[in-house]
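Chemist: The opening position of the sequence shown corresponds to residue 1 in the working numbering, with each subsequent residue numbered one higher.
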Amino acid sequence: MNQRQVKKSAGSLDPEFGDQGSITVPIGTTGAISSAILALPEGKLLIAVEPYVGERSFTVARLNENGALDTTFGVEQNGVVRVIFEDTYVYPIFGLIPLSDGGWVTYGQYTSKNSDGLAFVRQRQDGTLEESFGVRGGRFIPYNEIGNPEQLRVKADILHRDGEKGAEVEPERAGNSGYSAVAQSNGKIFFTASISPGPGISKGLVLRLNSDGTTDKTFNGVGSAIVELPGVVHNRNQVDAIAVQVDGKVLVSGYYTNDSDNSRGGYVMRFDAEGQVDASFNEGVPVTISDPAYRLFFMNAISVRESDGGIVAVGDVRRGSLRYGMIVVLNSSGSFNRVFNRGMPLYSDMLPEGLAWKRCSWQANGAIVVAGSRGDGFVGEQLVGVTARYLSDGTLDPTFNLRGWVVFDLEYVYESVKDMAIMADGRIVLCGHLWRDSTPWHKRFGGFVARYLV
1 MNQRQVKKSA
11 GSLDPEFGDQ
21 GSITVPIGTT
31 GAISSAILAL
41 PEGKLLIAVE
51 PYVGERSFTV
61 ARLNENGALD
71 TTFGVEQNGV
81 VRVIFEDTYV
91 YPIFGLIPLS
101 DGGWVTYGQY
111 TSKNSDGLAF
121 VRQRQDGTLE
131 ESFGVRGGRF
141 IPYNEIGNPE
151 QLRVKADILH
161 RDGEKGAEVE
171 PERAGNSGYS
181 AVAQSNGKIF
191 FTASISPGPG
201 ISKGLVLRLN
211 SDGTTDKTFN
221 GVGSAIVELP
231 GVVHNRNQVD
241 AIAVQVDGKV
251 LVSGYYTNDS
261 DNSRGGYVMR
271 FDAEGQVDAS
281 FNEGVPVTIS
291 DPAYRLFFMN
301 AISVRESDGG
311 IVAVGDVRRG
321 SLRYGMIVVL
331 NSSGSFNRVF
341 NRGMPLYSDM
351 LPEGLAWKRC
361 SWQANGAIVV
371 AGSRGDGFVG
381 EQLVGVTARY
391 LSDGTLDPTF
401 NLRGWVVFDL
411 EYVYESVKDM
421 AIMADGRIVL
431 CGHLWRDSTP
441 WHKRFGGFVA
451 RYLV
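#1: Does Ile436 pass the burial test, meaning 16 or more other C-beta atoms within 10 Å, or should it be called exposed?
#2: Rounded to the nearest angstrom, how far is the Cβ of Arg236 from that of Tyr256, given a contact under 8 angstroms?
#3: So, helix, strand or coil for Ala156, using DSSP?
#4: Apart from the five residues just before and just after Gly394, which ones in its own chain have a Cβ nearer than 7 angstroms to its Cβ?
#5: What do you get for Lys113, buried or exposed, if any count of 16 or more other CB atoms within 10 angstroms of its CB means buried?
#6: In chain order, which continuous runs of the beta strand (DSSP E) of length 3 or greater are located wholly inside the segment 31-57?
#7: How long is the line joining the alpha carbons of Thr214 and Gln276, rounded to whole angstroms?
#8: On a Cα-Cα basis, can you pick out the residue from Ile302, Lys418, Gln123 and Val329 that is closest to Tyr390?
#9: Assuming contact is defined by CB atoms lying nearer than 8 angstroms, are Leu355 and Val304 in contact in what I supplied?
#10: Give the range of the beta strand (DSSP E) segment to which His433 is assigned.
#11: Just confirm the distance between the C-beta atoms of Val285 and Pro230, as a whole number of angstroms; I'd bet it's less than 8 angstroms.
#12: Is it buried or exposed for Lys443, if we count other Cβ within 10 angstroms and need 16 for buried?
#13: Out of Asp316, Gly187, Glu228 and Ala181, state which residue places its alpha-carbon closest to the alpha-carbon of Leu207.
#14: Would you call Pro51 buried or exposed, if buried means 16 or more other Cβ atoms sit within 10 Å of its Cβ?
#15: Consult DSSP for Phe340 and reduce its assignment to one of helix, strand or coil.
#16: Could you say which of Lys203, Ala119, Ser100 and Arg359 lies nearest to Tyr89 if we only look at CA atoms?
#17: With a threshold of 16 other CB atoms inside 10 Å of the CB of Arg403, please say whether the residue is buried or exposed.
#18: Would you mind reading off the limits of the beta strand (DSSP E) that contains Trp362?
#19: Are the segment 93-108 and the segment 66-82 touching, with three or more C-beta to C-beta distances below 8 angstroms?
#20: Between the Cα of Phe408 and those of Gly137, Gly21 and Phe17, spot the shortest distance and give me the residue it belongs to.
#21: List the whole-angstrom C-beta distance separating Val369 from Ile302, where the pair is believed to meet the contact cut-off of C-beta under 8 angstroms.
#22: Should Ser202 be labelled buried (16 or more other beta-carbon atoms within 10 Å of its own) or exposed?
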């Protein structure tokens, strides 16, 4: 195979995108750090960009198929829309939620003079705010109003993070751990949080908003459902990922711990459209993943295949100081898919530096695309982006970069993957953060978008 053919094979960076397959952020008048991405019609992409420190606005930028800013987008026709709410900072950004009308919702954390909490900002296709959503396009939910007694009928305190942590912490954990969101075709939005009903106890929480941003009290009668994990002995659980089926049922995945014996594991469970535990999924109990050889189970993403309801959930585990990417494939009933890795969780170990999977997606032929970051979870030379493609039986696809996986590694910087999008033709797009050496901590200074051929 000649060099030209190798460059254009599946798993190679797309030479027709940006600078030989990637772009770096900021570009034009965007903010500083790209944190989420959506694939749009006509080969275009939308990225959500976090602001520079001290700025109130975040930006969304639309890219043409070649990676250049789409100058037909935005009031100033420069490819960028700056979103500003008075006295409110939206940072960090957790993700972009596509809507059936072609618009989207950006969700993340907000800080204002009087409160901090979760932010949901809805925009139309042209980038203008959908003012019928929340207040002038934004719904801002204070942490102390998520899980309050009136809403949940329990006494609860919200668990939340303090925003940006020290740069030496695991970049995946400092992102949107415990928060995930997805939209139904009717515009309703599911999202997750965590509550603490008592000392030493924490539980995941699934909530639903109406399409106008109001709390949907038809979901479990109060707008939310607590993740109880029936049959699992534990005192702490967290939801890290959520996916909605075409029938309105909602899947969640996360982890649990039992402090009394230090046992830990991951889980997948399903609620019906009314917010009750779905008795048809694994007989009403969560699917659990545990192994005494591993510790610190995390389930970072979950995806549902529309054709048959097949489920893939990904994350990472630790053995000693090394991380292994974890992939679990289930049938729609909640049973393990016996074709994939003989019905067992798969622990990706092809990189001696370790790795963690952050995102996953089905392909039409039953293959699974996963993306994440290499290394021990801390910022340093080992931190690069990783993308892999697995066949339906759980083996790496040798037609993808000749070995089934590929790394994204720019010179003089470190890369952590935050999001992945699959384009209509199957091309794979990653977005994430760029880090560089600094004193006393490594510093985030920008972002990247990279596109791979399939």
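Virtual Cβ for every residue (Gly too), placed ideally from N, Cα, C.
Note that the structure is predicted; figures quoted are calculated from it, not measured.
Modeler: Quick look at the numbers:
#1: What you label residue 436 is simply residue 436 of the sequence shown in a count that begins at 1. This sequence places Arg at residue 436; Ile is not what is there. It counts as exposed.
#2: Position 236 of the sequence shown, counted from the first residue, corresponds to residue 236. Position 256 of the sequence shown, counted from the first residue, corresponds to residue 256. At roughly 7 angstroms, the Cβ-Cβ gap stays under 8 angstroms, so Arg236 and Tyr256 are in contact.
#3: Along the sequence shown, one-based indexing puts residue 156 at 156. Because the pLDDT of Ala156 is 43, which lies under 50, any placement of that residue in the model is unreliable, and the number read from its coordinates should be weighed accordingly. Coil, per DSSP.
#4: Translated into positions along the sequence shown, residue 394 becomes position 394. Cβ neighbours of Gly394 beyond the five flanking positions: Phe340, Asn341 and Leu346.
#5: Along the sequence shown, one-based indexing puts residue 113 at 113. With fewer than 16 other Cβ atoms within 10 Å, it is exposed.
#6: 33-39 and 45-50
#7: Indexing the sequence shown from 1 puts residue 214 at position 214. Indexing the sequence shown from 1 puts residue 276 at position 276. Using only the alpha carbons, I get a separation of about 20 angstroms.
#8: Translated into positions along the sequence shown, residue 390 becomes position 390. Across the set Ile302, Lys418, Gln123 and Val329, the C-alpha of Val329 shows the shortest separation from the C-alpha of Tyr390.
#9: Here the question's residue 355 lines up with position 355 in the sequence shown. Here the question's residue 304 lines up with position 304 in the sequence shown. Against a cut-off of 8 angstroms, the Cβ pair of Val304 and Leu355 comes out as no contact.
#10: The residue you call residue 433 lines up with position 433 of the sequence shown. Per DSSP, the continuous beta strand (DSSP E) segment holding His433 begins and ends at Ile428 to Arg436.
#11: Position 285 of the sequence shown, counted from the start, is the residue given in the question as residue 285. Position 230 of the sequence shown, counted from the start, is the residue given in the question as residue 230. Between Pro230 and Val285 the Cβ distance is about 6 angstroms, and since that is below 8 angstroms, they are a contact.
#12: As a working note, residue 443 is residue 443 in the sequence shown. Taking all protein chains in view, the Cβ of Lys443 is surrounded by fewer than 16 other Cβ atoms within 10 Å, so the residue is classified as exposed.
#13: Reading the sequence shown from its first residue, position 207 is the one you call residue 207. Among Asp316, Gly187, Glu228 and Ala181, the Cα nearest to that of Leu207 is on Ala181.
#14: Position 51 of the sequence shown, counting from 1, holds the residue named residue 51. Under this definition Pro51 is a buried residue.
#15: Taking the first residue of the sequence shown as position 1, residue 340 is located at position 340. Looking at Phe340 - three-state DSSP - the assignment turns out to be helix.
#16: Counting from 1 along the sequence shown, the entry for residue 89 is found at position 89. Comparing C-alpha distances from Tyr89 to each of Lys203, Ala119, Ser100 and Arg359 shows the shortest one belongs to Ala119.
#17: Indexing the sequence shown from 1 puts residue 403 at position 403. Burial call: exposed.
#18: Stepping through the sequence shown from its first residue, residue 362 is reached at position 362. Going by DSSP, Trp362 is part of the beta strand (DSSP E) stretching over Leu355 to Trp362.
#19: no
#20: Against the sequence shown, residue 408 aligns to sequence position 408. Ranking Gly137, Gly21 and Phe17 by Cα distance to Phe408 puts Gly21 first.
#21: As a working note, residue 369 is residue 369 in the sequence shown. As a working note, residue 302 is residue 302 in the sequence shown. No, Val369 and Ile302 are not in contact; Cβ-Cβ is about 14 angstroms, not under 8 angstroms.
#22: Here residue 202 refers to the residue found at position 202 when the sequence shown is read from its first residue. Answer is buried; the Cβ neighbour count reaches 16.
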